[in-house]
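Enquirer: In the numbering used here, the protein residues as written are 25 to 797.
Ideal placement from N, C-alpha and C gives every residue a C-beta, glycine not left out.
All of these numbers come straight from a predicted model, not from anything done at the bench.
Just passing along the structure, written as structure tokens.
Given below as structure tokens:
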């Protein structure tokens, strides 16, 4: 093709489809790009090009504007007729701001005899396809098309043709190649339809067979009934079991209805098996079975003290809960005074291993009720709570109904474990179903989808557990009364190990207490040097490892009882201690500060590292930070810019701040790192090092005021475990120190700061660190 055949046309993209020659389409001018292209087509001709994933195809179609107007919704539109294929060339600068390209018309070669033979074969195959799908009139229209190229393009009208194949059809210029493509696609579609028809016929035959068998079974059931055989004994058994139960009227009516359906359906039908499964499930529930509640407060406190060391505040709250139940029971206060609306659900919140689940078991033991645990972590299907509809294959009731059957009582203590880890997806939101379960104003009429009648859950004692509050949905959190378990000191861990863990581990490994002799400081050393978490789960695993090695020595005759274990033996028995972060080595230069945070595993120290890098703009933040932490970093930078001069911390020109929180795999968010980031930045720009024995927590305002935060006890315990000596807290958190154990408060120098100047006076060293220079 010579350069004289090249033309320059404005481009109108067609992102929603492919336009082929001889098509007449309506184009809505919704984008500025489309409006510019139409306005630029002075002679009414433009180029329609498909845009797939942002890229134009190699071939488009020249088109002529036939008519202009507006759609019913007021959007401007035009009718265009596709004229012929054209190859898209390079872009050029046109008379307007529209996209102009060089266009090479592709008229193709003249049709050969082979092309006409392919066209005839395609016409026959396409006609057979259209006949099969009921398009007889379209098949007739194909006979009127003589041009082989136009006939090949007719496959583009097939609605099930994919976008990729339409693009391939457009870009195939040669008539013969285009006919072969169209013929192959038609034959492929015909084969799929024939396979589908064959499968449908087989399914229909199977259904007819099933219906004949069902009819024969009904006739057989009628004959057996006349002969005195059948399922009469089973139905009579169901009726007898129903008569023995004292059920609510609505429940009894629903069960009676299902027994009547079973009697009418016959024992051989599929429906009868579903009804039997439903009836068996209903009769498995412990109707009328209730534990006699024991409300002896002294005995309850004794049981809690036996099972758990420390946690006095938690125990006091649980005893208060039982005291209220006792008074209401003794004074006969029912539901008429709104007791259900004022009922509370206790939620035990704390890091793993602090005894949340075992506290639930202790509550059940103190009440002399059955105990059952519902693990909610990771469930995403609402049917896990409400049950499946009976129409589904494999339907079954929800976990709550199954828990009642497992407990064998209608008033057990149900522990809803890990309520903070309930998810949601297209199958529903289980937390929304839990709202009805945990709301005392609604759970007396809980309806399981499988049972399809109301179930009274108001006598169940629900105890929820969670690691963190942030992931519990707000409506669900509103129905919970939070009881916080913050973790243990090393001394408390040693006491728990001696009173609870070690006896249990010895029994589990088949040893008697007199066969193992531990020095006085062994448990304290294990707790202090081999564990770091807030709970005692790892401590129990370590004791289990220690006792197993002792049991091996006894079993092999290597040693005789009693086996003595001292602190010198711990490295051999337990391996290396847990490595401790040496904060003195890490906080060794200006720009680094130690913060305190609360994670899902309890309190922890959090290093903040800062640096000044070339460039200007907002601070660079790394370490998997949430939105709240990012806002705190922005506030800290602005505060440093306003107060830095009086602290000798001038921000250099042409530099931007990089704030990094190590341990990037751990998500970090929450309003408690403001003073830590501000202190680190002041340290960076002033050259004054932060004292390595200082940990701090608190949010800061733009005026420098230190705001209160949560989780004080967990953060102070974390500072103590990390070996810090000084802790800075907001002044408004002073009363929260009452929750911190006395031995921890005595070991730490705790300062309460009102503003950032007080924080800096405590945290920064007096003179610039020479090593940093």
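Under a three-way DSSP split, which group does residue 470 fall into?
Expert: Mapped onto the chain shown, residue 470 falls at position 446. Residue state, collapsed to three classes: strand.
Enquirer: Mind checking whether residue 346 and residue 370 have CB atoms under 8 Å apart?
Expert: What you label residue 346 is simply residue 322 of the chain shown in a count that begins at 1. What you label residue 370 is simply residue 346 of the chain shown in a count that begins at 1. Contact flag unset, no.
Enquirer: With a threshold of 7 Å on Cβ separation, who are the neighbours of residue 319 within its own chain once the five nearest residues in sequence on each side are excluded?
Expert: Here the question's residue 319 lines up with position 295 in the chain shown. Excluding positions up to five away in sequence, the list reads 346, 349, 350 and 353.
Enquirer: So what's residue 307 in DSSP terms, helix, strand or just coil?
Expert: On the chain shown, position 283 is the one that residue 307 refers to. If DSSP states are grouped into helix, strand and coil, residue 307 belongs with the helices.
Enquirer: Just to confirm my understanding: we take residue 738, look at its own chain, exclude 5 residues before and 5 after, and list those with CB closer than 8 Å. What are they?
Expert: Position 714 of the chain shown, counted from the first residue, corresponds to residue 738. Result list for residue 738: 375, 510, 511, 558, 622, 626 and 627, in chain order.
Enquirer: Where does residue 327 land, buried or exposed, given buried means 16+ other C-beta within 10 angstroms?
Expert: The residue given as residue 327 occupies position 303 in the chain shown. Label assigned to residue 327: buried.
Enquirer: Return helix, strand or coil for residue 799, following the three-state DSSP convention.
Expert: Residue 799 lies beyond the range of the chain shown here (25 to 797); nothing can be said about it.
Enquirer: Determine the closest residue to residue 34 out of 93, 101 and 126, with distance taken between C-alpha atoms.
Expert: Along the chain shown, read from residue 1 onward, the residue named residue 34 stands at position 10. For the residues 93, 101 and 126, the minimum Cα distance to residue 34 belongs to 126.
Enquirer: State the start and end residues of the unbroken alpha helix (DSSP H) segment that holds residue 145.
Expert: Here residue 145 corresponds to residue number 121 of the chain shown, with the count starting at 1. Note, residue 145: alpha helix (DSSP H), 137-156.
Enquirer: How far does the alpha helix (DSSP H) with residue 596 in it reach, from first residue to last?
Expert: Taking the chain shown and counting its residues from 1, the one referred to as residue 596 is at position 572. Residue 596 -> alpha helix (DSSP H) spans 594-598.
Enquirer: Expressed to the nearest angstrom, what Euclidean distance is found between the alpha-carbon atoms of residue 43 and residue 131?
Expert: Along the chain shown, read from residue 1 onward, the residue named residue 43 stands at position 19. Along the chain shown, read from residue 1 onward, the residue named residue 131 stands at position 107. One C-alpha to the other measures close to 16 Å.
Enquirer: In terms of DSSP beta bridges, what is residue 614 paired with?
Expert: In the chain shown, counting from the first residue as 1, residue 614 sits at position 590. None; residue 614 has no bridge partner.
Enquirer: Report the three-state DSSP secondary structure of residue 409 (helix, strand or coil).
Expert: The residue given as residue 409 occupies position 385 in the chain shown. It is helical.
Enquirer: For residue 688, count the other beta carbons within 10 Å of its own beta carbon; 16 or more makes it buried, fewer makes it exposed. Which is it?
Expert: Numbered from 1 along the chain shown, position 664 holds the residue referred to as residue 688. In this prediction, residue 688 scores a pLDDT of 46, lower than 50, which makes its location untrustworthy; no coordinate-derived value is stated.
Enquirer: Just to confirm before moving on: does the CB-CB distance between residue 767 and residue 515 stay below 8 Å?
Expert: Counted from its first residue, the chain shown places residue 767 at position 743. Counted from its first residue, the chain shown places residue 515 at position 491. Yes, the pair counts as a contact, with Cβ atoms nearer than the cut-off.
Enquirer: Taking the alpha carbon of residue 702 as the point to measure from, which residue in 657, 677, 744 and 93 has its own alpha carbon closest?
Expert: The residue labelled residue 702 in the question sits at position 678 within the chain shown. When each option's Cα is compared against that of residue 702, the closest is 657.
Enquirer: So if DSSP puts residue 80 in a beta bridge, which residue, or which two residues, is it bridged to?
Expert: The count along the chain shown starts at 1 and reaches residue 80 at position 56. DSSP lists 75 as partners of residue 80.
Enquirer: Opposite residue 720 in the DSSP bridges: which residues?
Expert: Here residue 720 corresponds to residue number 696 of the chain shown, with the count starting at 1. Residue 720 is bridged to 619 and 752.
Enquirer: Report, in whole angstroms, the separation of the C-beta atoms of residue 479 and residue 470, which I expect to be a contact under 8 Å.
Expert: Stepping through the chain shown from its first residue, residue 479 is reached at position 455. Stepping through the chain shown from its first residue, residue 470 is reached at position 446. Between residue 470 and residue 479 the Cβ distance is about 5 Å, and since that is below 8 Å, they are a contact.
Enquirer: Say whether the segment 143-153 touches the segment 101-116, bearing in mind that this needs 3 or more beta-carbon pairs closer than 8 Å, one atom from each stretch.
Expert: As far as the Cβ criterion goes, the segment 143-153 does not touch the segment 101-116, which means the pair count is below three.
Enquirer: Which of helix, strand or coil does DSSP assign to residue 582?
Expert: For the purposes of this step, residue 582 is taken as the residue at position 558 of the chain shown. Three-state DSSP puts residue 582 in coil, outside helix and strand.
Enquirer: Curious, which full-length alpha helix (DSSP H) runs of at least 4 residues does the segment 667-716 contain?
Expert: Complete alpha helix (DSSP H) runs here, min 4: 698-710.
Enquirer: Are the Cβ atoms of residue 82 and residue 129 separated by less than 8 Å?
Expert: Within the chain shown, the letter at position 58 stands for residue 82. Within the chain shown, the letter at position 105 stands for residue 129. The answer is no: Cβ separation not under 8 Å.
Enquirer: Have a look at 723, 272, 728 and 100 and flag the residue whose alpha-carbon is nearest the alpha-carbon of residue 734.
Expert: For this step, residue 734 is matched to residue 710 along the chain shown. Checking every option, the nearest Cα to that of residue 734 belongs to 723.
Enquirer: For residue 41, count neighbouring C-beta atoms within 10 Å of its own C-beta (all shown protein chains included) and say buried if the count is 16 or more, exposed if not.
Expert: As a working note, residue 41 is residue 17 in the chain shown. Per the 10 Å Cβ criterion, exposed.
Enquirer: Where does residue 56 fall in DSSP's three states?
Expert: What you label residue 56 is simply residue 32 of the chain shown in a count that begins at 1. If DSSP states are grouped into helix, strand and coil, residue 56 belongs with the helices.
Enquirer: For residue 434, count neighbouring Cβ atoms within 10 angstroms of its own Cβ and tell me buried if that reaches 16, exposed if not.
Expert: Stepping through the chain shown from its first residue, residue 434 is reached at position 410. Buried: at least 16 other Cβ atoms inside 10 Å.
Enquirer: Under 8 Å by Cβ, that's how I've got residue 539 and residue 578 pegged, so tell me the actual separation to the nearest angstrom.
Expert: Walking along the chain shown from the start, residue 539 turns up at place 515. Walking along the chain shown from the start, residue 578 turns up at place 554. That belief holds up - the Cβ atoms of residue 539 and residue 578 are roughly 7 Å apart, short of 8 Å.
Enquirer: What's the C-alpha gap between residue 323 and residue 313?
Expert: As a first step, residue 323 is located in the chain shown; it is residue number 299 there, counting from the start. As a first step, residue 313 is located in the chain shown; it is residue number 289 there, counting from the start. Taking the straight line from one Cα to the other gives about 24 Å.
Enquirer: Is it buried or exposed for residue 726, if we count other Cβ within 10 angstroms and need 16 for buried?
Expert: Along the chain shown, one-based indexing puts residue 726 at 702. Classification of residue 726: exposed, given that the 10 Å Cβ count is below 16.
Enquirer: Suppose you measure from the CA of residue 456 to the CA of residue 176; what does that come to, to the nearest Å?
Expert: Numbered from 1 along the chain shown, position 432 holds the residue referred to as residue 456. Numbered from 1 along the chain shown, position 152 holds the residue referred to as residue 176. Going by the C-alpha atoms only, they are around 56 Å apart.
Enquirer: Here's a check: name, in chain order, each residue in its chain whose Cβ is nearer than 6 Å to the Cβ of residue 463, leaving out the five neighbours to either side.
Expert: The residue labelled residue 463 in the question sits at position 439 within the chain shown. Closer than 6 Å at Cβ, skipping near neighbours: 503.
Enquirer: Select from 37, 47, 112 and 55 the residue whose C-alpha is nearest the C-alpha of residue 30.
Expert: The residue you call residue 30 lines up with position 6 of the chain shown. Ranking the options by Cα distance to residue 30, first place goes to 112.
Enquirer: Bridge partners for residue 50 per DSSP, in chain order?
Expert: Start at 1 with the first residue of the chain shown, and residue 50 comes out as number 26. Answer is 103, bridged to residue 50.
Enquirer: Whole angstroms are fine: how far does the CA of residue 122 sit from the CA of residue 222?
Expert: Here residue 222 refers to the residue found at position 198 when the chain shown is read from its first residue. Here residue 122 refers to the residue found at position 98 when the chain shown is read from its first residue. The alpha-carbon atoms of residue 222 and residue 122 are separated by roughly 54 Å.
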